[in-house]
Structure formats: C-alpha cells, structure tokens
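Residue numbers -28 to -1, 1 to 403, in mature numbering (1 follows the signal peptide of the UniProt record, and there is no 0), belong to the letters of the sequence shown in order.
The C-beta atom is built at its ideal place from N, Cα and C for all residues, glycine as well.
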Amino acid sequence: MKTNQTKGVVRLLTLLLVLLLTTSMAFATGAKEEAAPSGSVSMTIATWTSNPDQIALLDSFVQGFAAQKGIEIDVTFESIPFAEYNTKLSLELQGQNGPDLFWVLETAAPAFIESGLLANLNDAMQAYDPEDISSDALELWSKDGNVYAIPFSTSPFFILYNKDLFTKAGLKTPEQYASEGAWNWDTFKMASKTIKEKTGVWGFQTVDGQGYDARILHNLAPIVRSYGGDFWTNDGQVLINSDASVAAVQLFHDMVYQDVSVVPPGNQSDFFAGNAAMTVGQISRVSKLNEASFAWGIAPMPSGPEGKSPVIGQAAIGAHSKGKQAALASELVAYMTNKDSVAAMSGIWPPARKSVLESEAFLTSNKSVSKEQMQNAVAASIKTGRVLPSHVKYPQIEVESKMVFDKLWQKNADVGAILDEVATVYAKYIK
C-alpha cells in the first residue's frame, strides 16, 4: 500500500512541476498560422477511454471531417489510463510529438487553460452554431471571452445495481425505493449492509474502484453535497470540514469499517464481474454490462438531508496550442462537437448542446437504458447537478490533500480531525 501511495504522489508531483513550468512560459493564446493542409495529415488524439466502440465512433468523426476538408487524416488514438492521465498528458505536451487533440478533465480545466497548452477555439466554433452550446457548460472552459475546450460530455453519476443480489437479500430495488421517495443515503447504507450480511457479496464498490485514490472527489461529492457540505466554493469558502461534510464522510467511513459492506482499499472486487451489488457509473460505462451474467438496473444517486445533489462529470476536448497542426486540430475539435457529432454520441456522453439534450431522441439514444431511466437518472440530473470543484491550483491541491485523505482509510481514523487537515491544505490555495 505504501509503495502504491508513493508512486501516486510522485506522479502527482510530476504533474505539479509540469504545470508550473508551462504556466511560466509565454504561450500564445490562439492556434498558430499554418499553411492549408493537403494530401495526408497525421494526427494523434489522447483520451482515457480504450473502449473499441467508442474509439471507432470518434474515428468516424475524424474521417467525416477529413472528407469535408478534402484531405486524408491518418489518426492515432492514444488511450491513457485515467489515474495517470493528467500526469502523462502534461509531459507529452512538452515534447515534439505530443497529441494534437486531447480530452481534458473538469478538475484540471483552469490549470490547463492557465498553462497555455490549449488553443483558442473561438474562430473554429463559428461554423457550427456556437449559440447552441450551453453557456453554463462552456463557463469552465472559457477565460476572458475565449473558449479553450469544448465539452463533449456532461454526464451525471448514478447508481448501477445488481438486481439479482437485491432480490436474494429480500430488498426492494433502488428504483423502487426511489419511486417511493425513500432512496436516500440511510437506505443505501442499510441495503449495502443487508446484502453483505445475507449474500456475502460486497454491497458497494466505489466509482471504478478508485474512490480511495484517483477518484476521491467523485466518491465523496455526492454524499457530501446532499448533506449540505462541499469541498470548496468558487468564492473561496472551504467547506470540507463543515459539520455537514464531516457527517457525510463519517457515513461512508462507517460503511467501510463498521458495516464492512464496501469494497475496501486494496481489494479488487468488481461490480461488473458480479462481486458487488452497487457502484457509481455513467452512461459511458453501461456498455461494460452488455455481457453481464446478472440482471441490472439504474437509479439516481441517493438523496441526503438537503435533498438531491447530483454530481456531473464533465469532459472537454481541446487542441494543442503548439502542435504541428494546431489550426487544423482546432477545426477538428469544433467538428467533433457539432450538432450531428454530439447527437451520435449522446447515448454514451450526454452533450452540452441544448438542441440535442432537449430532444426526444436523446432519451432513447442508449439501447441498453430505458427512456424512463434516461429521464430519471440522466436528463433530470443534468438540469440540477453540478460539476466537481476545480481551481487553477488543482494539481497542487490534489497532491497535498490526497496525502491527508489517505489517513482516512483506517478503522480508527478521526474523520473530523483529518478533514480539518484537508481544510488547511485547501485554504493555502483557495482564495
């Protein structure tokens, strides 16, 4: 465990160094001028997905763009594991052969914009009805009136559950609890414990099994916010050690170490293999259940004392400002996020385009998900949800706060005291 933690800290410190160096460099804010491409052009696109169907869909957009431009594009998709994504991508962007286009995480958006690694997309967007893109969705990816990345996914987190295990434990399903207005964190905790006691199978696995490491915020935010707490706010308030936040984190800690119903740190039990009754997912992960050996369903995130507070995972695509094909890459970003493109991928990544989100076709865009499930767990949550907190100093915040969060994952941890330490770290940067 200590070895893995050390490796994680080293990766994060590397990212911190890279972003600090890039911030200090005098990058131009827009794509550099290039001669019009002709013949065959080579381009690389960095993502954190390795799903072959998703890669094939992205490739179809590239080829559609190439046909429109009358050129050939020899595209390479580089799939970087999520836990390593920011670190490895930042390093690659400093070299001569960094990706031309790349996905960007919401938490890292301000840092990447400040570093100058993202090309200005204002001109490229004009060909594809930019007014159709939600201004709220664009806010995180803009600065001083300029757009530096375009969100292709505005995807809320929800509960994926194993129907067979709920039936075996004699419980109603999360969807049934939700229809009765009883789907809250206390019910979630009770169901997890009951399933573990009656079936021997874990009640809950954190999102991607990374809730103690790369996805601490993804794991805790839905509970913390529905309790009335938060990590920090845009106006500089640090709330991670508020009474509400402490109560929320204590609930999760109790599930892990008192109820023993949650897959613990270091255990590789996987929901998708039938080794847990629930996990947190997004529409893009539903395809992993195509060959599932059990019946499954989708429910909204549980509510807390302050009601529902859906968390939205937002990802955008940008163009490398210093890439060899920066102008062409900027145009490709705009093409990949036009109305037709986002409609084609809306069943995987709910888009930021208003015309697509408000369409009937969106609710039936994923064949594995019912119209009712898409409405209740996805569409409704997009309207009321919020993205994870972000900050221009997020790489530094993540490095230091993770080392403190690591103290939580032991049975006798003092949750309140540890969150006070996290708050001290946040206060150094959140102003």
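Just the Cα atoms here: how many angstroms apart are A3 and H225? Translated into the one-based positions of the sequence shown, residue 3 becomes position 31. Translated into the one-based positions of the sequence shown, residue 225 becomes position 253. Residue placement at A3 is poorly supported in this model, since its pLDDT is 39, which falls under 50; the coordinates still yield a value, given next. If I take the Cα positions, the gap works out to 47 Å.
What are the boundary residues of the alpha helix (DSSP H) that M346 is part of? On the sequence shown, position 374 is the one that residue 346 refers to. Looking at the DSSP string, M346 is not in any alpha helix (DSSP H), and its letter there is neither H nor E.
Taking the C-alpha atoms as reference points, what is the distance between V218 and L211? Here residue 218 is taken as the residue at index 246 of the sequence shown, counted from 1. Here residue 211 is taken as the residue at index 239 of the sequence shown, counted from 1. V218 and L211: Cα-Cα distance of roughly 10 Å.
For A298 versus A291, is the C-beta spacing smaller than 7 Å? To locate residue 298, count along the sequence shown from 1; it is residue 326. To locate residue 291, count along the sequence shown from 1; it is residue 319. Taking 7 Å as the cut-off, the beta carbon of A298 is found closer than this to the beta carbon of A291.
Give me the Cα-Cα distance between K165 and V173, rounded to the nearest whole angstrom. If you number the sequence shown from 1, residue 165 lands on position 193. If you number the sequence shown from 1, residue 173 lands on position 201. Roughly 10 Å separates the two Cα atoms.
Span separating the alpha-carbon of W75 from that of M375: Residue numbering aside, residue 75 sits at position 103 when the sequence shown is read from its first letter. Residue numbering aside, residue 375 sits at position 403 when the sequence shown is read from its first letter. W75 and M375: Cα-Cα distance of roughly 26 Å.
Check whether the stretch 311 to 323 and the stretch 10 to 29 touch, using three or more Cβ-Cβ pairs below 8 Å as the test. yes
Is the stretch 117 to 127 touching the stretch 231 to 241 in the sense that three or more CB pairs, one from each, lie closer than 8 Å? Flag = no, the stretch 231 to 241 and the stretch 117 to 127 do not touch.
Does P53 pass the burial test, meaning 16 or more other C-beta atoms within 10 Å, or should it be called exposed? By one-based count along the sequence shown, residue 53 stands at place 81. It counts as exposed.
Among the candidates V228, A81, V341, D207, whose CA atom is the shortest distance from the CA of S114? Position 142 of the sequence shown, counted from the first residue, corresponds to residue 114. Looking at the Cα atoms, A81 is the closest of the given residues.
Hey, T16 and S51 are a contact pair by Cβ (cut 8 Å); roughly how many whole angstroms apart? Numbered from its first residue, the sequence shown carries residue 16 at position 44. Numbered from its first residue, the sequence shown carries residue 51 at position 79. With 8 Å as the limit, T16 and S51 do not qualify as a contact, their Cβ atoms being about 11 Å apart.
Roughly how many whole angstroms lie between the Cα atoms of K41 and Q177? Here residue 41 is taken as the residue at index 69 of the sequence shown, counted from 1. Here residue 177 is taken as the residue at index 205 of the sequence shown, counted from 1. So the two alpha carbons sit approximately 46 Å from each other.
Buried versus exposed call for residue 417 [16 or more other C-beta atoms within 10 Å across all chains shown]: In this structure the chain extends from -28 to 403, so residue 417 is not present and cannot be described.
What are the boundary residues of the beta strand (DSSP E) that includes T251? Taking the first residue of the sequence shown as 1, we reach residue 251 at position 279. Bounds of the beta strand (DSSP E) holding T251 are 250 to 253.
Distance check for P102 and A96, CA to CA, integer angstroms please. The count along the sequence shown starts at 1 and reaches residue 96 at position 124. The count along the sequence shown starts at 1 and reaches residue 102 at position 130. Whole-angstrom Cα-Cα distance: 10 Å.
Tell me where the alpha helix (DSSP H) around A315 begins and ends. For this step, residue 315 is matched to residue 343 along the sequence shown. Unbroken alpha helix (DSSP H) run through A315: 311 to 317.
Could you tell me which residues DSSP puts in a beta bridge with residue 406? With the chain covering -28 to 403 only, the question about residue 406 has no answer from this structure.
DSSP beta-bridge partners for R257? Residue numbering aside, residue 257 sits at position 285 when the sequence shown is read from its first letter. None, per the DSSP bridge assignment.
Start-to-end residues for the alpha helix (DSSP H) that takes in E50: Here residue 50 corresponds to residue number 78 of the sequence shown, with the count starting at 1. Element bounds for E50: not the alpha helix (DSSP H) but the beta strand (DSSP E), 44 to 51.
Contact check, V258 vs S340 under 8 Å by CB: the rounded distance? For the purposes of this step, residue 258 is identified with residue 286 of the sequence shown, where counting begins at 1. For the purposes of this step, residue 340 is identified with residue 368 of the sequence shown, where counting begins at 1. Sure, about 5 Å apart at Cβ, within 8 Å.
Is the CB-CB distance between E78 and V359 below 7 Å? Taking the first residue of the sequence shown as 1, we reach residue 78 at position 106. Taking the first residue of the sequence shown as 1, we reach residue 359 at position 387. Result yes, Cβ atoms of E78 and V359 sit closer than 7 Å.
S62 versus K161: straight-line alpha-carbon distance, rounded: Within the sequence shown, the letter at position 90 stands for residue 62. Within the sequence shown, the letter at position 189 stands for residue 161. Separation of S62 and K161 (C-alpha to C-alpha, rounded to the nearest whole angstrom) is 39 Å.
By alpha-carbon positions, which one of R325, Y199, P274 ends up nearest to F130? On the sequence shown, position 158 is the one that residue 130 refers to. When each option's Cα is compared against that of F130, the closest is P274.
Going by alpha carbons, who is nearest to T159 out of G276, I402, P361, K170? Taking the first residue of the sequence shown as position 1, residue 159 is located at position 187. Nearest of G276, I402, P361, K170 to T159, Cα basis: G276.
Along the chain, where does the alpha helix (DSSP H) that runs through A291 open and close? Counting from one through the sequence shown, the residue named residue 291 turns up at place 319. It is not in any alpha helix (DSSP H) - A291 instead sits in the beta strand (DSSP E) that spans 283 to 291.
Continuous beta strand (DSSP E) stretch holding L73: start and end: Residue mapping note: residue 73 aligns to position 101 of the sequence shown, counting from 1. Element bounds for L73: 73 to 77.
Which residues does DSSP list as the beta-bridge partners of L90? The sequence position of residue 90 within the sequence shown is 118, counting from 1. L90 is bridged to H292.
Apart from the five residues just before and just after K260, which ones in its own chain have a Cβ nearer than 8 Å to its Cβ? Along the sequence shown, one-based indexing puts residue 260 at 288. Excluding residues within five positions, the ones whose Cβ falls inside 8 Å are F244.
Which of helix, strand or coil DSSP assigns to S12: The residue labelled residue 12 in the question sits at position 40 within the sequence shown. It is a strand residue.
Residue(s) in a DSSP beta bridge with P128: Here residue 128 is taken as the residue at index 156 of the sequence shown, counted from 1. The partner list for P128 (beta bridge, DSSP) reads I284.
Minimum C-alpha distance to E278 - residue among D202, E263, I45: For the purposes of this step, residue 278 is identified with residue 306 of the sequence shown, where counting begins at 1. Nearest of D202, E263, I45 to E278, Cα basis: D202.
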